[in-house]
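Residue numbers (mature numbering (1 follows the signal peptide of the UniProt record, and there is no 0)): -18 to -1, 1 to 396.
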Ligand SMILES: *[C@@H]1O[C@H](CO)[C@@H](O)[C@H](O)[C@H]1NC(C)=O
Ligand SMILES: *[C@@H]1O[C@H](CO)[C@@H](O)[C@H](O)[C@H]1NC(C)=O
Ligand SMILES: *[C@@H]1O[C@H](CO)[C@@H](O)[C@H](O)[C@H]1NC(C)=O
Ligand SMILES: *[C@@H]1O[C@H](CO)[C@@H](O)[C@H](O)[C@H]1NC(C)=O
Ligand SMILES: *[C@@H]1O[C@H](CO)[C@@H](O)[C@H](O)[C@H]1NC(C)=O
Ligand SMILES: *[C@@H]1O[C@H](CO)[C@@H](O)[C@H](O)[C@H]1NC(C)=O
Ligand SMILES: *[C@@H]1O[C@H](CO)[C@@H](O)[C@H](O)[C@H]1NC(C)=O
């Protein structure tokens, strides 16, 4: 009897190692995200996070992603995502090819996925406002933005410079554009999205598998910035998922294999530096750096989704530990604490400067954890937990969303 009890407790205690975030916490994290995201990359990242959280059937991780339905309905309306597209396109100056004219060439493209979806599902098929806006954005990237000698599209508008951030902002947009176009442009754009990932890896990767933050141009950041590695891994993951579910998937087998190994390379190298309490440091391999819960969340997200993709659960204990750390870093207001200041990269956030991107990373992490049913014994993977809730919390219409008119602030970095 005692043995049975001990056995039960043992099994039980290993099975509850990642309890996950409850719906009240998720809802306040979401609310804070929607209220604080203003910069182009924050709006784009918010749109992806809301899609994965609230409308998983429309996200690129869904086998039904291509094509999306032409008409959305009350239960699948993506209203919070489409509102981002609507506000951004309404504020876009007529003389700007980019969706948002800021100093970054790459960041505004992150909103393009939401604009493509808005175009696809618009009620009036003869209205080309969204289609033109998003076509201009692609045109800017392919034909106007500066490029490095290798052909990589710059992350900046004023000089050719590589930032790891670019990989989340731009290639997933180019791939999604292609996936909705079909025909010859589809294959061409999917290939461009892949090649940009490859060129960025060539330009930023170091021998230990981690990526530097910024290369080329007038200044560099050679540190292995945790958020930069997270952007790169999560961006390649979105491209991989897009390739995976398009009709072209069989023509991109080698590209998918490369993306898979490049993402694995980052997360494998990263978790070797995980702190005892589950966090990553802002500079992954610099022990004097400070703890950053935001990149910890995004890299754990990638780790859960990659385990589902590859069936290799080796890194799940790291992700589970990271999830617990993230969970304990959310305050009673639903704000993620102990993050890097997302506008300086190299100082810790202060209470008056929360991290909108960190809020989004929490939602992404939760979505991946939920979609993979990781609440059960994750080392054996994917077993149902009776809680496979579709995450559709009705995308509530609290009028407070986006009052800020999408402030077109220059990305305030250095
Ligand atoms: C809403 O649209 C989705 C996708 O087309 C469909 O699966 C679902 O059944 C629809 N719901 C209703 C209530 O019509
Ligand atoms: C916009 O949507 C229409 C379908 O309504 C589609 O034919 C067109 O290709 C879309 N534009 C873009 C840029 O995806
Ligand atoms: C076309 O769609 C845009 C974006 O929703 C909207 O602002 C505009 O008023 C529409 N144009 C017409 C002529 O309906
Ligand atoms: C995949 O990566 C390998 C090694 O980096 C490279 O030689 C090969 O050309 C890549 N395949 C494709 C399709 O790009
Ligand atoms: C976790 O550990 C790191 C040191 O590795 C420390 O800087 C950080 O404050 C710790 N975080 C928490 C929430 O205890
Ligand atoms: C790719 O598709 C397979 C099923 O065909 C699925 O198991 C896997 O999770 C998908 N990968 C991604 C990254 O979405
Ligand atoms: C997770 O559980 C849900 C509901 O039990 C099931 O529909 C889904 O296929 C499961 N997903 C995985 C990856 O096992």
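Glycine included, every Cβ here is placed at the ideal spot set by N, Cα and C.
Residue range of the unbroken alpha helix (DSSP H) whose run includes residue i
i, result
"residue 211", "208 to 227"
"residue 117", "111 to 121"
"residue 285", "275 to 292"
"residue 323", "No alpha helix (DSSP H) holds residue 323; DSSP gives it neither H nor E."
"residue 252", "235 to 253"
"residue 153", "153 to 163"
"residue 305", "298 to 310"
"residue 68", "61 to 73"
"residue 316", "Looking at the DSSP string, residue 316 is not in any alpha helix (DSSP H), and its letter there is neither H nor E."
"residue 99", "94 to 102"
Cβ-based burial, residue i [other Cβ within 10 Å; buried from 16]
i, result
"residue 52", "exposed"
"residue 275", "buried"
"residue 25", "buried"
"residue 126", "exposed"
"residue 307", "buried"
"residue 124", "exposed"
"residue 155", "buried"
"residue 183", "buried"
"residue 4", "exposed"
"residue 165", "exposed"
"residue 50", "buried"
"residue 228", "buried"
"residue 129", "exposed"
"residue 37", "buried"
Cβ-Cβ separation, residue j to residue i (assumed contact under 8 Å), whole Å
i, j, result
"residue 90", "residue 100", "Contact doesn't hold; Cβ gap of about 15 Å is too wide."
"residue 281", "residue 212", "5 Å"
"residue 31", "residue 66", "Contact flag wrong, Cβ pair sits at about 11 Å."
"residue 199", "residue 131", "With 8 Å as the limit, residue 199 and residue 131 do not qualify as a contact, their Cβ atoms being about 12 Å apart."
"residue 318", "residue 340", "4 Å"
"residue 146", "residue 221", "Not really, about 14 Å apart at Cβ, beyond 8 Å."
"residue 11", "residue 284", "With a Cβ gap of about 19 Å, residue 11 and residue 284 do not count as contacting."
"residue 286", "residue 351", "6 Å"
"residue 22", "residue 113", "Not confirmed; about 20 Å, so no contact."
"residue 288", "residue 241", "Contact doesn't hold; Cβ gap of about 10 Å is too wide."
"residue 208", "residue 264", "6 Å"
"residue 266", "residue 206", "5 Å"
"residue 2", "residue 314", "Not a contact, Cβ separation roughly 18 Å."
"residue 304", "residue 278", "5 Å"
Cβ-based neighbour list, residue i, same chain, cut-off 7 Å, excluding 5 preceding and 5 following
i, result
"residue 41", "33, 34 and 47"
"residue 330", "272, 322 and 323"
"residue 251", "190, 191 and 192"
"residue 253", "297 and 300"
"residue 118", "79"
"residue 230", "168, 169 and 172"
"residue 237", "176 and 225"
"residue 153", "175, 178, 179, 217 and 221"
"residue 311", "275, 318, 319 and 320"
"residue 137", "86, 87, 88, 143, 144, 145, 147 and 148"
"residue 197", "144, 185 and 186"
"residue 292", "242"
DSSP-derived helix/strand/coil call for residue i
i, result
"residue 330", "strand"
"residue 6", "helix"
"residue 86", "strand"
"residue 145", "strand"
"residue 335", "coil"
"residue 197", "strand"
"residue 135", "strand"
"residue 33", "helix"
"residue 188", "coil"
"residue 347", "helix"
"residue 166", "helix"
"residue 363", "No answer about residue 363 holds up, because its pLDDT of 43 lies below 50 and its placement is not dependable."
"residue 353", "helix"
"residue 79", "coil"
"residue 262", "strand"
Neighbourhood of residue i by C-beta, 8 Å cutoff - its chain only, sequence neighbours within 5 removed
i, result
"residue 116", "81, 94, 97, 98, 101 and 159"
"residue 342", "15, 19, 24, 27, 28, 30 and 31"
"residue 337", "276, 318, 321, 322, 323, 324 and 331"
Cβ-based neighbour list, residue i, same chain, cut-off 6 Å, excluding 5 preceding and 5 following
i, result
"residue 43", "223"
"residue 449", "Outside the shown range of the chain (-18 to 396) lies residue 449, about which nothing can therefore be said."
"residue 316", "10, 11 and 14"
"residue 290", "354"
Residue i at chain C interface by Cβ criterion, 8 Å
i, result
"residue 230", "Protein chains in the displayed structure number just one, and chain C is not present."
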